[in-house]
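Read the structure below first, then the notes.
Residue numbers (the numbering used here): 32 to 329.
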């Protein structure tokens, strides 16, 4: 039998996803690049989107469901003049193009109305579940999908540049928003507010929680030079508040025992005296209980 290669060290790979592949496609490529089946992603990106995709390797996959990915940042291009079936350039036009004569002041005012705490209807081809099935699956099956509005927060919706392209007006924008916000839906709603229709033609995610493009590498770069962006300890320290414990408490954590409460709201990382990330823990009354043990005893 050929020799078995040791598994790679646990940690996160911050991928700069190319346009075209799905997030699942990227996971498949990382499995081959990193030489392990234990690979997962946090925060799906549409095939047309590029930018930050957080990938967990080996034990770091246990972090993915707990990472603080509640805010995200994007740059995007919105085309005013026609709406599409998918709210982006991959869909079919819903009508003939409408010449756009809206000035920048009117555009900015409409963008301001879509900023802050708003109620947003996700795109019909989104991954939102309706009666247990994804909305996009229902659309592909020919169903008419109606998704209820839900609260989201758009912290910033900023116009950076405008360009004319025939009857269309293209807007380069920057968006900071809560998780669950659809930038495609912002493009759709902006076009509707201006009475001309709108859709997204480009989308680039520049930040997910604390993870930015500065640490990101493309799949091609990772193929040429595999490696983690952050080892397990650095990933935990970046994404969670940190608590350091002594050797005795570290032994308790490794065996799944509780510790005295740290007085920290939410999930936090617990580190041993040698800097090892031992567990994610959360206070429950007087005690801190393990959410996930990352370095079990033995």
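We treat Cβ as the ideally placed atom computed from N, Cα and C, and that holds for glycine. Given the structure is predicted, the values throughout are model-derived calculations rather than measurements.
Quiz item: Hey, is residue 41 close to the ligand FAD, as in C-beta under 8 Å from one of its heavy atoms?
Solution: The ligand FAD is not part of the structure shown, which contains no ligands of any sort.
Practice problem: Compute the beta-carbon to beta-carbon distance between residue 200 and residue 259, rounded to the nearest angstrom, for a pair I have assumed lies under 8 Å. | Solution: For this step, residue 200 is matched to residue 169 along the chain shown. For this step, residue 259 is matched to residue 228 along the chain shown. Contact flag wrong, Cβ pair sits at about 43 Å.
Quiz item: Which first and last residues belong to the alpha helix (DSSP H) in which residue 57 is found?
Solution: Within the chain shown, numbered from 1, the residue matching residue 57 stands at position 26. For residue 57, the enclosing alpha helix (DSSP H) covers residues 54-65.
Quiz prompt | Backbone CA spacing between residue 233 and residue 215 [nearest angstrom] | solution = The residue given as residue 233 occupies position 202 in the chain shown. The residue given as residue 215 occupies position 184 in the chain shown. Spanning the two alpha carbons is a distance of roughly 10 Å.
Quiz item: Looking at the unbroken beta strand (DSSP E) that takes in residue 107, where does it start and where does it end?
Solution: Locating residue 107 in the chain shown gives position 76, where the first residue counts as 1. In the DSSP assignment, residue 107 falls within the beta strand (DSSP E) that extends over 102-111.
Self-check item: residue 136 in three-state terms, based on DSSP
Solution: Translated into the one-based positions of the chain shown, residue 136 becomes position 105. Assignment of residue 136 by DSSP, reduced to helix, strand and coil, places it in the helix class.
Quiz item: According to DSSP, is residue 238 helix, strand or coil?
Solution: Numbered from 1 along the chain shown, position 207 holds the residue referred to as residue 238. Correct three-state label for residue 238: strand.
Self-check item: Three-pair Cβ contact test at 8 Å for the segment 287-301 versus the segment 267-275
Solution: Yes, since at least three Cβ pairs between the segment 287-301 and the segment 267-275 fall closer than 8 Å, the two stretches touch.
Quiz item: If residue 207 and residue 102 are in contact, beta carbons under 8 Å, what's the gap, nearest whole angstrom?
Solution: Walking along the chain shown from the start, residue 207 turns up at place 176. Walking along the chain shown from the start, residue 102 turns up at place 71. Right, their Cβ atoms sit about 7 Å apart.
Quiz item: Between residue 276 and the rest of its own chain, which residues show a CB-CB distance below 8 Å, the 5 nearest in sequence each way excluded?
Solution: As a position in the chain shown, residue 276 is number 245, starting the count at 1. Closer than 8 Å at the Cβ level, and outside the excluded window around residue 276, lie 284, 290, 301, 302, 303, 304 and 309.
Quiz item: Is it right to say residue 266 is buried, meaning 16 or more other beta carbons lie within 10 angstroms of its own, or is it exposed?
Solution: Position 235 of the chain shown, counted from the start, is the residue given in the question as residue 266. Buried is the call here.
Practice problem: To the nearest angstrom, report how far apart residue 191 and residue 315 are at their CA atoms. | Solution: For this step, residue 191 is matched to residue 160 along the chain shown. For this step, residue 315 is matched to residue 284 along the chain shown. Spanning the alpha carbons of residue 191 and residue 315 requires a straight line of approximately 46 Å.
Quiz item: Once you ignore the five residues that flank residue 137 on each side, which residues in its own chain have a CB closer than 6 Å to its CB?
Solution: The sequence position of residue 137 within the chain shown is 106, counting from 1. Closer than 6 Å at Cβ, skipping near neighbours: no residue.
Quiz prompt | Validate contact between the segment 109-129 and the segment 221-232 using beta carbons, cut 8 Å, 3 pairs | solution = Under the 8 Å Cβ criterion, the segment 109-129 counts as touching the segment 221-232, having at least three qualifying pairs.
Practice problem: Kindly list the residues whose CB is nearer than 8 Å to the CB of residue 287, restricted to its own chain and excluding five residues on each side of it in sequence; keep chain order. | Solution: One-based indexing of the chain shown puts residue 287 at position 256. In chain order, 321, 324 and 327 place their CB closer than 8 Å to the CB of residue 287, counting only its own chain and leaving out the 5 sequence neighbours on each side.
Quiz prompt | At least 3 beta-carbon pairs within less than 8 Å: the segment 122-129 vs the segment 174-189 | solution = Fewer than three pairs of CB atoms, one per stretch, sit closer than 8 Å, so the segment 122-129 makes no contact with the segment 174-189.
Quiz item: According to the Cβ coordinates, are residue 180 and residue 135 closer than 9 Å?
Solution: Reading the chain shown from its first residue, position 149 is the one you call residue 180. Reading the chain shown from its first residue, position 104 is the one you call residue 135. Contact flag unset, no.
Quiz prompt | Cβ-based burial, residue 153 [other Cβ within 10 Å; buried from 16] | solution = Looking up residue 153 in the chain shown gives position 122. By the C-beta density criterion, residue 153 is buried, having at least 16 other C-beta atoms within 10 angstroms.
Quiz item: Beta carbon of residue 60, beta carbon of residue 282: below 9 Å?
Solution: To locate residue 60, count along the chain shown from 1; it is residue 29. To locate residue 282, count along the chain shown from 1; it is residue 251. With respect to residue 282, residue 60 sits apart: the two C-beta atoms are not nearer than 9 Å.
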